[in-house]
Amino acid sequence: MELPGLRRLYDAVLRLAAHPQARVWLFLVAFAESSVFPIPPDVILAPMAVARPDRWLSSALTCTAGSTLGGVAGYLIGWGLYEALAVPIIELYRLHEADARFRELYLAYDWLVVAIAGFTPIPYKLATIASGAVGMGLLPFIVASAASRGARFVMVALIAAKFGPPVLAVVEKRLTLFTLVFLALLAGGFVLVRWL
């Protein structure tokens, strides 16, 4: 069984990953995902590392820079535009309870919460917005974001670059299964945040 349109989307992402402007798209998706966009940049980063294994580290660093700067944008939304922009984003993803819980966690654990959210399937955009809303120090926020997002993206790019062709063959053979697993993990991250 294959999901409708999945193969075309997958092939388009692979073409984009090898495109000369792929880094621009990677940066923009990483930036947007950190505050408003629901799709993680890993879906562009991994194919880029497979298509150009010689550039895996620079691709991971591009992704990290975009995500960290996007995190600062999310922080600023939480800090200065909470009612105007943060509340609609929280409502869109139905994260009211998670937002309140994250605020409690920030008061107890400060930057560690950002580091955990930056590396795991927990929605990073919630961490960025909540960090600004509670007034977390901007420098610790940036350091925790850059370190956790960087570690995640370096890991994804390195694995894709080193094991890409064999892994890519398995992914292509079982594309629907991997897509469903990825979507389940993403949804699980949202559920986990609500449950916290």
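In this text, residue positions in the sequence shown follow our numbering: the first is 1, and each later residue adds one.
Cβ atoms here follow ideal geometry from the backbone N, Cα and C, with glycine treated the same way.
Every value quoted in this text rests on a predicted model; they were computed, and no experiment measured them.
Cβ neighbour criterion (16 or more within 10 Å) applied to residue i
i, result
"P20", "exposed"
"A60", "buried"
"Y124", "buried"
"G137", "exposed"
"P88", "exposed"
"R8", "exposed"
Cβ-Cβ distance between residue i and residue j below 9 Å
i, j, result
"S34", "G70", "yes"
"A117", "S148", "yes"
"V50", "G164", "yes"
"Y75", "F119", "no"
"I77", "T128", "yes"
"F37", "A65", "no"
"A144", "A98", "no"
"R103", "V134", "yes"
"L126", "L92", "no"
"I39", "V29", "yes"
Cβ of residue i within 9 Å of any chain C Cβ
i, result
"G135", "Absent from the structure: chain C. Only one protein chain is present."
Three or more C-beta pairs closer than 8 Å, one from the region 40-49 and one from the region 144-162: is that the case here? yes
In chain order, which continuous runs of the beta strand (DSSP E) of length 3 or greater are located wholly inside the region 77-114? none
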